[in-house]
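Residue numbers (my numbering): 495 to 549. Beta carbons: idealized from backbone N, C-alpha and C, even for Gly. Please read all numbers here as calculations on a predicted model, not as lab measurements.
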Amino acid sequence: MSLEEFHILLTKHSEYQEVNAQMRSEMDEVKQNLQIEPNEVLLEKWKRKHRRNHT
495 MSLEEFHILL TKHSEYQEVN AQMRSEMDEV KQNLQIEPNE VLLEKWKRKH RRNHT
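Structural data, given as structure tokens:
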């Protein structure tokens, strides 16, 4: 059995599908609740580097 055949067999298994759906749901929830505030120090470093590279 090749790795591709094994992967197809695994992904059709009901327990795999259930775990995969739960994981995707949790990841979507995390992404929705994630609010990233830019770190001011890193932002300033990036700005200086960006300006040097584009002048």
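In the structure shown, the three-state DSSP call for Glu531 is coil.
A straight line joining the alpha-carbon of Gln529 with that of Met495 spans about 44 Å. Membership of His501 in the alpha helix (DSSP H) is indicated by the continuous run 497-505.
Here the alpha carbons of Ser519 and Glu538 stand approximately 35 Å from one another. Note on geometry: alpha-carbon atoms of Phe500 and Tyr510 lie some 13 Å from one another.
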